[in-house]
Each structure stands twice: as C-alpha cells, then as structure tokens.
Amino acid sequence: MVSSTVLTLCVIPALYALVKQWQLRRELAKVPVLPLSES
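Heads up, the sequence shown is in UniProt numbering, so the first residue is 1 and it goes up one at a time.
Shown next, in the form of structure tokens:
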C-alpha cells in the first residue's frame, strides 16, 4: 500500500517531468538559433 502511494506521488511525476524536458530539448535543438544583429 505504501509503495503504490510513493510510486503515484513521486516516481510518476518525476518520470513525466523528465520526458517533457527531453521533448523540449529536442524541439529547441530542431530550431536554428539566429544570430542577433546590431542595428
């Protein structure tokens, strides 16, 4: 009973955050960074 509570409250949100971070990094790597031009 305790292990299922710990799994639900801690492990699953942590895994979700890791997956979202990985997806965000992939999206940012896809977009080329434009150099800032001084005008």
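By construction, the Cβ of each residue, glycine as well, lies at the ideal position given by its N, Cα and C atoms.
Work out the CA separation of residue j and residue i for me, nearest whole Å.
| i | j | result |
| --- | --- | --- |
| residue 3 | residue 11 | 10 Å |
| residue 7 | residue 21 | 20 Å |
| residue 15 | residue 34 | 32 Å |
| residue 41 | residue 32 | Any property of residue 41 remains undetermined from this structure, which presents the chain solely from 1 to 39. |
Where do the ends of the alpha helix (DSSP H) carrying residue i lie?
| i | result |
| --- | --- |
| residue 40 | Residue numbering for the chain in the displayed model covers 1 to 39; residue 40 lies beyond these limits and cannot be assessed. |
| residue 8 | Counting along the chain, residue 8 falls outside any alpha helix (DSSP H), and DSSP gives it neither H nor E. |
So, for residue i: in the same chain, excluding its five sequence neighbours on each side, which residues have a beta-carbon less than 6 Å away from its beta-carbon?
| i | result |
| --- | --- |
| residue 13 | none |
Excluding the 5 residues flanking residue i on each side, which residues of the same chain have their C-beta closer than 7 Å to its C-beta?
| i | result |
| --- | --- |
| residue 30 | none |
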